[in-house]
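The structure appears right after this line, and notes come after that.
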Amino acid sequence: MVFGRSGKHRKFADPRELEAKSDAEGLANLLGTSKDPQTREEAATSLGRVGGLRATVALRAALEDHETAVRIRAVDALGIIEGPRATDALMEALRGSDREVRGAALQALVTKGDIRVLPVLLEMASDPRNLLRRAAITALGGFRDPKAVEVLLDAVVEPERAVSDLAAAALGKVGGRQAVKRLLRVRSPAAIRALGRIGHPSAVDGLVQSLGSVRNEVLRVAAAEALMAIHRAHPTLRLDVLARTGGDLQQLASCGDARAAAPLCGWLFAADPNDRVLACRGLAKLGDSSFLSTLETALSDPVPEVCRAAAEAMEALEPDRSWDPLSETIVHHMGRIEQLTASAGNVDDLLASIDFLARLGATLALPTLHGLEEHPEWSVREAAEQAIKTLARARR
């Protein structure tokens with residue numbers, strides 16, 4: 123039961139019934155006099171929906187309620203009431219000592235989009251000791267202001283990943299071309315997603331390179347999604363073929379887009395030799411002889427199948443080449459075999475070179491391998507005989 127200005131009883135003591143009657147006076151009295159915290163919470167929420175000066179005054183007073191939940195409800199209610207008085211009350215709450223109430227006030231002011239909160243946000247976001255710093259960084263994403271962007275650009279390169287990710291997400295909403303270079307420097311999934319949201323073409327080269335991040339699948343997928351977002355904004359760039367690969371090497375190697383060269387070069391250093399083979403074949407498909415020097419690095423790969431794939435790619439890119447790209451690799455292993463044989467070196471090393479030449483298909487090494495048929499170690503003789511048979515088949 124509540125009392126009106128006349129002091130007479132009113133029978134509408136339920137907040138929902140008072141709200142239905144738009145009875146701001148009754149709700150204000152209920153908020154100020156009820157001993158039940160839940161009732162006061164409901165009254166605060168109803169006052170927010172009723173609105174008006176009386177509701178604003180009552181909710182401002184409720185910011186001093188001894189229950190945190192009631193104070194938060196009052197802040198939320200003030201957040202949906204229009205007018206400078208409600209905003210003033212929220213600014214007061216923002217300067218209070220209760221962290222939860224301050225957080226709610228911050229969110230309410232950001233939702234309102236009131237520019238008066240910006241200086242407070244800038245101060246919070248720049249102070250690593252402020253307990254609401256992360257919330258402030260997120261909130262700056264709602265303000266297209268040069269000072270906000272400047273603070274976010276500083277925060278996005280901080281070593282603490284949680285702070286950097288929040289700043290990246292905020293830059294995705296307000297950043298322009300000036301944010302692209304900084305986000306590419308960070309190269310985290312959050313930064314890559316922000317680049318897609320900004321949608322500026324200057325991010326394309328960096329995003330394409332991220333498709334070659336062989337150790338970070340999340341980053342590759344984020345880059346593909348960002349490229350697709352830029353493609354939708356700038357369809358003339360024709361990024362859809364690259365973007366649809368999702369950073370998948372199999373598709374990247376077969377897409378035929380010259381821009382796939384950068385990520386394919388990254389895949390040349392993948393841990394899985396099968397991936398390195400695919401990268402060599404993908405570069406060959408692009409038909410650009412400028413990749414020859416890159417492929418030359420794969421000729422010294424410890425896995426013979428990768429060496430062979432690199433040599434085949436080089437031959438495809440430069441069919442008039444007069445020398446075998448594998449000749450130096452083959453000569454190296456032949457010399458190693460002769461040296462190990464002459465010095466009675468490690469048998470395992472000798473077997474490794476024999477196996478390498480066989481898997482490489484190095485028919486040039488047949489004379490050297492025939493010389494091992496009389497080797498005193500039976501495992502070497504057996505390996506040499508097997509390699510000779512393999513190479514003889516390859517020659518045919």
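Add 122 to the 1-based position in the sequence shown for our numbering, that's all there is to it. We put the beta carbon where it would ideally sit given N, CA and C, even for glycine. Just so you know, these numbers come straight off a predicted model, no measurement behind them.
Euclidean distance between Cα positions of residue i and residue j
i    : j    : result
T155 : T260 : 37 Å
D394 : L200 : 59 Å
V428 : R255 : 50 Å
A270 : R309 : 21 Å
P206 : V232 : 14 Å
G525 : P250 : Beyond the ends of the chain as shown, which are 123 and 518, falls residue 525; an answer cannot be given.
A258 : S248 : 9 Å
A582 : A230 : Absent from the structure is residue 582, since the part of the chain shown begins at 123 and ends at 518.
L140 : Q160 : 15 Å
E214 : N252 : 18 Å
E245 : E272 : 12 Å
A150 : A290 : 43 Å
V336 : T419 : 18 Å
K511 : A346 : 46 Å
R479 : A509 : According to the sequence displayed, residue 479 carries Leu and not Arg. Taking the straight line from one Cα to the other gives about 8 Å.
R299 : I203 : 36 Å
A180 : A165 : 10 Å
V239 : L228 : 8 Å
A484 : L513 : 7 Å
L152 : T209 : 23 Å
S415 : E507 : 36 Å
R176 : E222 : 25 Å
K130 : E147 : Caution is warranted here: a pLDDT of 45 is assigned to K130, below 50, making its placement in the model unreliable, and the coordinate value is therefore given only provisionally. Near 13 Å, if we compare the C-alpha coordinates of E147 and K130.
E282 : C402 : 37 Å
N338 : A375 : 18 Å
Residue i in three-state terms, based on DSSP
i    : result
E347 : helix
L185 : coil
W445 : coil
L520 : The requested residue 520 is not part of the displayed model; the chain covers only 123 to 518.
P498 : coil
D423 : coil
C402 : helix
G369 : coil
H353 : helix
H322 : coil
S415 : helix
A384 : helix
R251 : coil
A484 : coil
S335 : coil
C377 : coil
E204 : coil
R360 : coil
G409 : coil
R266 : coil
D477 : helix
G493 : coil
When the options are compared against residue i, the one with the closest alpha-carbon
i    : options                   : result
S412 : R176, A380, R162 and P268 : A380
E409 : A438, A142, A351 and G321 : Going by the sequence as given, residue 409 is Gly instead of Glu. The candidate whose alpha carbon is nearest that of G409 is A438.
R224 : A184, V197 and R182       : V197
H322 : L421, A464, L462 and M350 : M350
K407 : D136, V242, A382 and S465 : A382
S475 : E496, V425, S444 and W500 : V425
P241 : A226, L216, R221 and E222 : L216
Q372 : D362, P385, V192 and A516 : P385
L341 : A325, S324 and I314       : I314
A267 : A277, D287, E282 and I237 : In the sequence as presented, Ala is not what sits at residue 267; that position holds Asp. Cα-wise, what sits closest to D267 is I237.
G218 : E204, R182 and K295       : R182
D446 : L482, Q461, V469 and S465 : L482
L488 : A516, D220 and P311       : A516
G369 : T490, G318, Q331 and P281 : Q331
First through last residue of the alpha helix (DSSP H) which encompasses residue i
i    : result
S465 : Run containing S465: none; DSSP gives neither H nor E here.
E139 : P137 to A142
I194 : T190 to G201
R255 : R255 to A261
P241 : L240 to S248
L231 : R221 to K234
N151 : A146 to T155
T161 : P159 to V172
E280 : Looking at the DSSP string, E280 is not in any alpha helix (DSSP H), and its letter there is neither H nor E.
L306 : R299 to V308
Touch check for the stretch 456–463 and the stretch 421–438: three-plus C-beta pairs under 8 Å? no
Does the contact criterion of 3 or more C-beta pairs under 8 Å hold for the stretch 353–367 versus the stretch 398–407? no
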